[in-house]
Amino acid sequence: MKNHIKLTVGRYLLPVQQWHQGLAKREQVAVSVLAVVFVVFCVYWVLWSPIVAKRESAQNNYLAHQQIYQWIHDHEALIRGARGATQQQHSTRDSDKDVLTVVNSTASQTGIVLRSFSPEGKNKLRFQLEQQEFTLVMQWLYALEQDYGIQVGNIDISAGNNPGTVNVRATLQRDI
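Under the numbering used here, the first residue of the sequence shown carries the number 7, and numbering increases by one thereafter.
As structure tokens, then:
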């Protein structure tokens, strides 16, 4: 098998070797140096550069997750308190307004941009956020629950491209 490969490669390289030997000594050196530079460039471009890019991407992703973890750890009492508060009866304002109206107005006041939303009746809304600041989103969702009685039915949060940002898909509902 090894000999077969050597013969096959040798057959294709033979014309290149003959051409190279036909050059003047100075041209042979120049072509050899250019060939080495070309091989080094190809190794960099094909192997090294993608590895470094993946490493940087993984490092940024790790840092984003670390920031989210640290925020959750730092605000553990707030999160636990919010969980307890959801089990209590809320005093709600604007309970006559539909969920879409309340969510839209509070999001714009908070600086959150809704990417898409889909109302399901007056008291339920599916929405999507992209590249929003994690702490801002959590504070907004907390305020919706505390001030308006609008609760998160289900939620899917993933890390955004930038550290501290998230992508969110969620369903909000008000039980009346």
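Ideal Cβ placement from N, Cα and C applies to all residues, glycine included.
Residue i: which of the options sits nearest, CA to CA?
i      : options                         : result
Ile118 : Tyr75, Phe133 and Pro125        : Phe133
Gln138 : Leu69, Ala41 and Thr116         : Thr116
Asp162 : His26, Leu178, Ser111 and Tyr68 : Leu178
Ala113 : Val22, Arg61, Gly127 and Ala149 : Ala149
Gly170 : Gly127, His10, Gln72 and Phe123 : Gln72
Asp153 : Leu131, Lys103, Gln23 and Val22 : Lys103
Val109 : Ile85, Gly87, Glu151 and Arg86  : Glu151
Ile85  : Asn160, Asn66, Lys8 and Leu147  : Leu147
Val185 : Arg61, Val39 and Ala176         : Any answer about residue 185 is impossible in this case: the structure gives the chain only from 7 up to 182.
Could you tell me the boundaries of the beta strand (DSSP E) in which residue i lies?
i      : result
Gly159 : Gln157 to Ala165
Leu178 : Thr171 to Gln179
Here's a check: name, in chain order, each residue in its chain whose Cβ is nearer than 7 Å to the Cβ of residue i, leaving out the five neighbours to either side.
i      : result
Thr141 : Trp77
Leu20  : none
Leu29  : Val37
Gln34  : His26
Cutting at 6 Å between CB atoms, please list the residues of its own chain near residue i, excluding the five before and the five after it.
i      : result
Ile74  : Phe140
Glu136 : Arg121 and Asn173
Check residue i in the structure and name its three-state DSSP category.
i     : result
Leu13 : helix
Leu29 : coil
Span of the alpha helix (DSSP H) holding residue i?
i      : result
Met144 : Phe140 to Tyr154
Cutting at 8 Å between CB atoms, please list the residues of its own chain near residue i, excluding the five before and the five after it.
i      : result
Asp181 : Asn129, Gly155 and Gln157
Ala70  : Ala165, Gly166, Asn168, Pro169, Gly170 and Thr171
Counting only C-beta atoms, is residue i closer than 9 Å to chain B at any point?
i     : result
Leu20 : As a matter of chain content, chain B is missing from the structure shown, which is built from one protein chain.
> Mind pulling the alpha helix (DSSP H) runs of 4 or more residues that sit fully within the segment 46-131?
Replying inline: 55-80, 82-92 and 105-116
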